[in-house]
Ligand code: UDP
């Protein structure tokens, strides 16, 4: 009856469902939650503000094809994301850039550090903190130690339960030191939010007569892997299975539990029109949450109150909370590789997405990956 079964209606699942359906395939999407859009899910809350239930999701891409593809399903609200981090009690712009230098240090020292950066790096370059730490220049050493201590060390300890050196350098390189004045969080060509939210965007993708969506359904209720075969509604399924979830769940945890990092999301209503100095303010050195998001600064709303979100990182325990991030240590990757090898035995199962591929994909990466996979499978 179905050509393709997709387990999960997040961004990866939605793109593949849309593509296969557009090419005349009958697609079944099975989603455990009561809603689509995965962790991009957004909804208007009691304050009349569009909030991201699973934490802030900012869209940005350098890839015109991804932008054009998604633009078929949404209009955009043009938006450059900006973040501040509280250093010694004061919110200053990050990625750390020339403006930050001026806000943090006395002018003479800021000028000296700016000159040292310009002497050692091209204007406009992004320098990962772990690279800056290796610098031989004494002024840059000073700057690297300062930024490491004030921005990265304690934030990463909260976020990952690990120091920056213990996680893959690519993780902290996402927020590099910027040699210049651009204080936007991303420098991509296309930066915007879906005008009516991600949920609406995904609903538009799935709105196709060839797609059947089963919400509130754990895939174990309707599917089973037995030997090398897939059974759907107790019958042998010979089509393609797309799996964007955790691989340990697909294989009944036969090699143990895969580690992920979770976050407790705590929303609060503040009885004031505005709350903070930027859409997202990070607290590397204070409190036990990492950051606060104020959603009306991302999706403008004229409301007397404002909704904020505090993120409290925590260990992931299956069932108790949500898996948000793969963990980027060698041990965790080795655990993943066992499942990845098991998956390779099934020619008609394709793993895709942040959880299933154990990668730090952003939204545009997921869309790109799903489109690439479609191009190969179709
Ligand atoms: N990071 C940090 N301090 C900050 C911001 C980021 O140490 O103020 C590090 C931290 O390890 C974090 C990583 O950089 O996990 C990536 O940050 P990003 O904002 O991209 O994280 P996401 O929004 O994906 O949670």
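In my numbering, the protein residues as written are 780 to 1157. All C-beta atoms in this analysis are idealised placements derived from N, C-alpha and C, irrespective of residue type, glycine included.
Report the residue from the options whose alpha carbon sits nearest the alpha carbon of residue i.
i, options, result
"residue 979", "780, 786 and 790", "790"
"residue 946", "1104, 929, 802 and 1050", "1104"
"residue 960", "1049, 975 and 877", "877"
"residue 807", "784, 930 and 957", "784"
"residue 833", "1100, 1136 and 1153", "1100"
"residue 870", "1052, 1064 and 1010", "1064"
"residue 873", "1146, 976, 862 and 883", "862"
"residue 1076", "1111, 856 and 977", "856"
"residue 1126", "1108, 1022 and 837", "1022"
"residue 787", "1037, 1038, 1129 and 939", "1129"
"residue 1115", "1056, 1038, 813 and 1071", "1038"
"residue 1134", "817, 911, 1072 and 985", "817"
"residue 838", "826, 827 and 819", "819"
"residue 858", "1025, 1150 and 963", "963"
"residue 1058", "953, 1154, 864 and 1068", "864"
"residue 854", "981, 795 and 797", "981"
"residue 794", "830, 912, 831 and 852", "852"
"residue 985", "888, 1148, 800 and 910", "800"
"residue 1191", "1140, 781, 1067 and 866", "Coverage of the chain is limited to positions 780 through 1157, which leaves residue 1191 absent and any answer about it impossible."
"residue 1033", "1043, 1007, 1118 and 1142", "1118"
"residue 998", "928, 1151, 1013 and 1091", "1013"
Name, in chain order, the residues that DSSP records as bridge partners for residue i.
i, result
"residue 1059", "862 and 1072"
"residue 839", "970"
"residue 831", "821"
"residue 933", "The partner list for residue 933 (beta bridge, DSSP) is empty, contrary to what the question assumes."
"residue 956", "906"
"residue 814", "According to DSSP, which records beta bridges pairwise, residue 814 is partnered with nothing at all."
In whole angstroms, what separates the C-alpha of residue i from that of residue j?
i, j, result
"residue 1040", "residue 811", "20 Å"
"residue 1060", "residue 875", "13 Å"
"residue 1018", "residue 1054", "51 Å"
"residue 1009", "residue 925", "54 Å"
"residue 884", "residue 1047", "34 Å"
"residue 905", "residue 956", "6 Å"
"residue 1004", "residue 1030", "8 Å"
"residue 1028", "residue 1020", "15 Å"
"residue 948", "residue 1145", "21 Å"
"residue 828", "residue 1089", "16 Å"
"residue 1153", "residue 1015", "23 Å"
"residue 1024", "residue 1132", "8 Å"
"residue 822", "residue 860", "20 Å"
"residue 1070", "residue 1112", "27 Å"
"residue 1050", "residue 1074", "14 Å"
"residue 994", "residue 935", "35 Å"
Using a Cβ-Cβ distance cut-off of 8 Å, determine whether residue i contacts chain B.
i, result
"residue 796", "Protein chain content of the structure displayed is limited to a single chain, and chain B is not contained in it."
Starting from residue i, follow the alpha helix (DSSP H) in both directions and report where the run begins and ends.
i, result
"residue 1022", "It is not in any alpha helix (DSSP H) - residue 1022 instead sits in the beta strand (DSSP E) that spans 1019-1022."
"residue 1043", "No alpha helix (DSSP H) contains residue 1043, which is instead part of the beta strand (DSSP E) from 1039-1049."
"residue 1130", "Not the alpha helix (DSSP H): residue 1130 falls in the beta strand (DSSP E), residues 1128-1130."
"residue 1066", "Run containing residue 1066: none; DSSP gives neither H nor E here."
What span of residues does the beta strand (DSSP E) with residue i cover, start to end?
i, result
"residue 1090", "1085-1094"
"residue 807", "806-809"
"residue 1002", "1002-1005"
"residue 880", "From DSSP, residue 880 is part of no beta strand (DSSP E) but of the alpha helix (DSSP H) over 877-883."
"residue 1015", "1014-1016"
"residue 992", "990-993"
"residue 869", "869-873"
"residue 1140", "From DSSP, residue 1140 is part of no beta strand (DSSP E); its letter is neither H nor E."
The region 1088-1100 touching the region 883-900, judged by at least three CB pairs closer than 8 Å = no
message = Below 8 Å, how does it come out for the region 960-969 and the region 830-846: are there three or more Cβ pairs, yes or no?
response = yes
message = Is it the case that the region 1120-1133 contacts the region 1078-1087, given that we only count it when at least three CB pairs across the two stretches are under 8 Å?
response = no
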